[in-house]
Amino acid sequence: MQEFEEIEVEGMTCANCAMGVQKGLEKIGLEEVDVNFSTGEVRYKNSPKLSAEKINKTVEEIGYHVKSSNTEEKSSTLSKIEKKFYFSLIFTIPLFAHMFLPFAWLHNAWVQLGLSLPVVFVGFFHFGKSAYHSLKNGVPNMDVLIFIGSMSAFGYSLFGTLQYMGTPEVANYLFYETAATIITLVLLGNVLEHRSVKQTTTAISELSELQKNTAKRIILVNGEEQIEEIDASELSISDQLQVNEGDRIPVDGRIQKGNAKVDESMISGESDAVKKDAGDKVVGGTIIQSGNFQMIVTAVGKDTVLSKIIDLVKKAQADKPEIQRLGDKVSAIFVPVVVGIALLTFSIWYFALGAGLQVSMMNAVAVLVISCPCAMGLATPTAVMVGLGRAAKNGILIKGGATVEQFAKIKHIVFDKTGTLTTGDFSIKSVEIIDPKVKESEALSIVYSLEKYSTHPIAKSLVKTLKEKGVKSMPLMNQEEVKGKGIQAKDLEDNFYQLGAAKWLNPNGEASLYLSKNEQLIAALVIEDEVRSDSKSMLESFRKVGITTHLLSGDKEEKTSKLALELGIDSYKAEQMPEEKLIEIERLQNEGYTAMVGDGINDAPALSKATVGVSLSNSTQIAIQSAQVILLNAKSLKSIYESFLISKHTFLTIKQNLFWAFFYNVLAIPLAAMGYLDPMIAALSMAFSDVIVIGNSIRLKRKKIE
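Just so we're aligned, residue 610 is where the sequence shown starts under the numbering used here, counting upward by one.
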């Protein structure tokens, strides 16, 4: 059973709608409920005590509709609101036209009542159902305001029609067009909002499309290999597939025979095709540019790299930054406050200023329908969805809105040296034999055998180099990686070997690595790697925006200082053990938000400790889990600065959206209360205030960031 389940809910229009669904599901016993009203996704921890039917029924009782998983319903859900809007528009246009057209019959009270009734009927059930359930759950939403406003205008008109029909006085009571126009314009706003929000989630949609694929499965028929074409969702682990030039690789796997150049840009953002040979892993969703191969399926469904990326992006988009709490707090009390202002407006106009019932009520209705809690609720999630989606398309995975806010505010950025600022492709410059009984070939064999069991980038690089040189390995047991120091193991004769840094095995030594046998040094190795070509420009970009750069390395003082000077790094510390890196990160965090960029097992604690941990995709699993930002294109360091820029501009967009949402309400509500805005103009303004917020968020998709 999956730990978390996800359903799609239709009909939520604001943060209070989401809060109502969350409270309703928590009441029946669900835990860790997370509701994203922008996308309609509801995620909750699986409970064996509650059936899917019970959960769906609860959502329906709250006033919303659970979409089924079939594609037909998904494609038609938006049309439900569109149908309501177009139906209402048919009756609203002639009703509204009586103000401009000289047709006497349009001014007849009964004609206006007849034209408005179908629209009011739609509004009564569409907004009324949602309003009732939101009040029942103790979280009044925007539909409460629309329902009260439109029904007040209709009720006032109906009272006047029945009371004064046949007299000239009846004309003073006819506001049927106001009731109908409010409902129609708000439905228009909902349609535009749904269409706009859909554009904010295109990144996930595009990634999900990569999963919709067919596969050529190799099967045996009467002892002969044949190919059958099936849907990728029907594949199982260990299935054998044929993949040809131009094909999209259906799922994750390992090449059995053949080779190809694979375009991985849709996953990593890397534009150059990657050469793949027998034994190499391939990722589902990527495309073969040239060549062909046979592969064995190693992961399907939720376990594929693509599924994990989609899941990570979805979770990240649901994660709220700190700044959203302000919007949520205001949204929670917004509706009762607006109802209070509307009542106060009516009272002041009617009792204090002596205005008639008509003027007093229309001003109160204008207050109700112009206020817009939705804009505040949409301000943050839409920007986060677009920002994280843009990052994902560029091979950058940012784990949530909170990370976006923190990354945008960093004052310090700390780098590890090996595999981050340098290529991590090490070569052995020299080997010094300390014990004359040991031959160089024997020492290299021990080094190769030990490093095979390490996840450290230096180890991986040395293993590759020694393997290419034809160095043979020897059987070892009890292998243990010692964080920040090296690796140790025993051979079949119980000899104890250690390979690691000078600080661990020979504190006064100058070599990069030392090898010991039964705690006696037998060899010293000097290794070197190259500085990445784009390290200097990336560091310069951070310095230009006022962010201090730091280097923490486990390497010797001489090498570390030389690199820091070459790259213009503001400060450095050499020969750092993992616990010392933690202390330095903590010190920097006392001065301001700190990001740590690392690669390898030594960095996992520091990545966890930093405000924002940034990990390259060739990192170990521990390092990736510790990081809040994962860079899938490990070849290019510019993605580090790009991830910062995306976070910075996403956070800027959130602030712009919130400013607009607050500014709109602070300006619009008093204007309506003072009688400067007709209820119909108020409804139109409210409908488009959401679209402005969403439009500003969508702008982030193509905005030039620098």
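Heads up, the beta-carbon is just placed ideally off N, CA and C, and yes, glycines get one too.
Check                                                                                                : Outcome
Uninterrupted alpha helix (DSSP H) stretches inside the stretch 707-760 (no shorter than 4 residues) : 718-745
Residues sharing a beta bridge with Ile828, DSSP                                                     : Gln835
Per DSSP, the bridge partner or partners of Ser677                                                   : None; Ser677 has no bridge partner.
For Ala1132: DSSP bridge partner residues                                                            : Ile1042, Leu1124
Per-residue DSSP class, three states only, for Asn1087                                               : strand
According to DSSP, residues forming a beta bridge with Asp872                                        : Ile896
Cα-Cα separation between Asp1044 and Gly1118, rounded to whole angstroms                             : 15 Å
Closest Cα partner of Glu1128 within the set Tyr1106, Lys917, Leu1174                                : Tyr1106
Pair within 8 Å by beta-carbon distance, Val1206 and Asp1025                                         : yes
Inter-residue spacing [alpha-carbon to alpha-carbon] between Ile1094 and Glu1060                     : As written in the sequence, residue 1094 is Lys, which differs from the Ile given in the question. Taking the straight line joining both Cα atoms gives about 13 Å.
Local Cβ density within 10 Å of Ala824, reported as buried at 16 or more and exposed below that      : buried
Distance between Val993 and Ile932 (C-alpha atoms, nearest Å)                                        : 12 Å
Buried or exposed (CB count within 10 angstroms, at least 16 for buried), Phe763                     : buried
Uninterrupted alpha helix (DSSP H) stretches inside the stretch 772-819 (no shorter than 4 residues) : 785-809, 811-818
Boundaries of the alpha helix (DSSP H) in which Ile1005 is found, first to last residue              : Segment 1005-1007 is the beta strand (DSSP E) holding Ile1005; no alpha helix (DSSP H) there.
CA-to-CA distance, Ile979 to Gly986, given in whole angstroms                                        : 16 Å
7 Å Cβ shell around Glu681 - same chain, five flanking residues per side excluded                    : Residue confidence for Glu681 is low, a pLDDT of 42 falling below 50, so the modelled location carries little weight and cannot support an answer.
Reduced DSSP secondary structure (H/G/I, E/B, other) of Lys1061                                      : coil
7 Å Cβ shell around Glu619 - same chain, five flanking residues per side excluded                    : Gly649, Tyr673, His674, Lys676, Thr686
Residue environment, Met1086, which counts as buried when at least 16 other CB atoms sit within 10 Å : exposed
The stretch 796-803 contacting the stretch 693-706, beta-carbon criterion three pairs below 8 Å      : yes
Local Cβ density within 10 Å of Ala1232, reported as buried at 16 or more and exposed below that     : Summary for Ala1232: the model assigns pLDDT 49, below 50, so the residue's position carries little reliability, and this model does not support an answer.
Collapsed DSSP secondary structure at Val618 in the structure displayed                              : strand
CA-to-CA distance, Cys626 to Thr991, given in whole angstroms                                        : 16 Å
Alpha-carbon spacing of Asn868 relative to Val883, whole angstroms                                   : 11 Å
Among Asp848, Ala1052, Glu818, Leu819, nearest to Leu829 - alpha-carbon criterion                    : Asp848
Between the CA atoms of Glu1193 and Lys1218 - distance to the nearest angstrom                       : 10 Å
Runs of alpha helix (DSSP H) wholly within the stretch 934-983 (minimum 4 residues, chain order)     : 966-979
Cβ pair Gly832, Leu850 closer than 8 Å                                                               : no
Three-state class that DSSP yields for Gln1265 in the structure shown                                : helix
Cβ neighbour criterion (16 or more within 10 Å) applied to Lys885                                    : buried
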